[in-house]
Structure formats: structure tokens, C-alpha cells
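Under the working numbering, the first residue of the sequence shown carries the number 12, and numbering increases by one thereafter. Think of the CB as a built atom: it goes at the ideal place given N, C-alpha and C, for glycine as much as any other residue. Notes for the one structure printed next.
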Amino acid sequence: VVIGRTFVKLLRWGLRFHSVFHVLEFVSALIETAYVTAGLAFFAGAIEVLASFLLPHEHVHFKGLIPTVHEECDDSDQDP
């Protein structure tokens with residue numbers, strides 16, 4: 012459980028760090044007047060920042076192809 016929490020924390024910070032590269036890509040594209048590329052870089056960076064802050068609050072159980080998503084986990088209702 013501790014390893015899982017550490018992994019999720021590292022993943023969150025990795026997404027945030029990677030979004031910095033999208034900001035640099037966005038600025039570089041604006042300087043080069045590549046507006047379509049700038050728009051795509053801005054969109055990708057915004058999605059990553061939002062995901063790093065919003066998605067970690069959810070907990071997912073995968074049961075085949077259908078995931079169960081919730082904010083708090085009660086392991087007593089899970090299959091062994």
C-alpha cells in the first residue's frame with residue numbers, strides 16, 4: 012500500500028513536471044508564429060495539469076473491462 016501511494020505521488024509530480032515542457036513548447040511555438048502547434052501544446056499542458064490535480068483523488072478497481080471509480084475505498088466489499 013505504501014509503494015502504491017508513493018508511485019501515485021511520483022506519477023502526479025511527473026505529470027506536473029512534464030506539463031512544464033508543454034509550456035516551453037507553447038512559448039516556443041508562439042515565438043515561431045506556429046499558432047496551431049501553440050494551441051495543441053497549450054491544450055496538452057492544460058490536460059496534464061488538470062489530471063495531476065483532479066485524478067489522484069479517485070480510487071479505481073479494475074474488474075475485467077469495467078473499472079469502478081470512487082473517492083474512498085472500503086476494501087471489505089472487494090472480491091478476494
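Item to complete: Specify the secondary structure class of residue 18 as computed by DSSP and reduced to three states.
Response: Counting from one through the sequence shown, the residue named residue 18 turns up at place 7. Three-state result, residue 18: helix.
* Where residue 51 and residue 19 are concerned, what is the direct C-alpha to C-alpha distance, given to the nearest angstrom? -> The sequence position of residue 51 within the sequence shown is 40, counting from 1. The sequence position of residue 19 within the sequence shown is 8, counting from 1. Those two C-alpha atoms are separated by around 26 Å.
Original post:
Going straight from the alpha carbon of residue 25 to that of residue 63, what length do you get?
Top reply: Taking the sequence shown and counting its residues from 1, the one referred to as residue 25 is at position 14. Taking the sequence shown and counting its residues from 1, the one referred to as residue 63 is at position 52. So the alpha carbons of these two residues sit roughly 9 Å apart.
Residue 44 - DSSP class collapsed to helix/strand/coil: Numbered from its first residue, the sequence shown carries residue 44 at position 33. Residue state, collapsed to three classes: coil.
Nearest CA to the CA of residue 60: which residue from 15, 21, 27, 14? Within the sequence shown, numbered from 1, the residue matching residue 60 stands at position 49. Closest in C-alpha terms to residue 60, from the list 15, 21, 27, 14, comes 27.
- Is the CB-CB distance between residue 53 and residue 32 below 9 Å? Locating residue 53 in the sequence shown gives position 42, where the first residue counts as 1. Locating residue 32 in the sequence shown gives position 21, where the first residue counts as 1. No, they are not a contact pair.
- Does the Cβ of residue 39 have 16 or more other Cβ atoms within 10 Å, making it buried, or fewer, making it exposed? Mapped onto the sequence shown, residue 39 falls at position 28. The residue in question, residue 39, is exposed, as its Cβ has fewer than 16 Cβ neighbours within 10 Å.
- From residue 15 to residue 21, what does the alpha carbon distance come to, in whole angstroms? Mapped onto the sequence shown, residue 15 falls at position 4. Mapped onto the sequence shown, residue 21 falls at position 10. So the two alpha carbons sit approximately 10 Å from each other.
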